[in-house]
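Read through the structure below, which is laid out as structure tokens, and then see the notes.
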């Protein structure tokens with residue numbers, strides 16, 4: 003029973019992450035990016051938001067993949083899917099650092 007609850011929670015988080023990702027690819031909705039969040043109102047009006055939306059969209063796509071693999075692991079109990087989750091998390095970490103440095 004706990005595996006099913008875990009899978010349902012992970013699927014819900016996958017769907018939420020995908021919605022945020024699609025909205026970010028369309029450059030609509032709230033911008034989940036520290037550069038935008040911490041910028042002053044004047045900076046927000048003049049900044050080019052396109053790279054920030056793209057960074058957010060790619061990150062949330064990877065987060066959705068992580069939650070989907072976690073849901074599948076909860077259902078299938080294969081063991082090796084945790085390695086895939088770790089790999090995606092590592093790629094996400096490298097992407098976040100690399101894209102943030104590129105931005106500066």
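Residue numbers (our numbering): 3 to 106. Quick reminder that beta carbons are idealized off the backbone N, C-alpha and C, glycines included. Remember, predicted model here, so these are calculated numbers, not experimental data.
| query | result |
| --- | --- |
| With C-beta atoms as the reference, is residue 12 less than 8 Å away from residue 76? | yes |
| For the candidate residues 60, 69, 27, 63, whose alpha-carbon lies nearest to that of residue 15? | 69 |
| Tell me which residues share the same chain as residue 56 and place their Cβ nearer than 8 Å to its Cβ, disregarding the 5 neighbours each side in the sequence. | 26, 27 |
| Please go through the same chain and pick out, in chain order, the residues whose beta-carbon is closer than 7 Å to the beta-carbon of residue 52, but skip the five residues on each side of it. | 29 |
| Kindly list the residues whose CB is nearer than 6 Å to the CB of residue 38, restricted to its own chain and excluding five residues on each side of it in sequence; keep chain order. | 54 |
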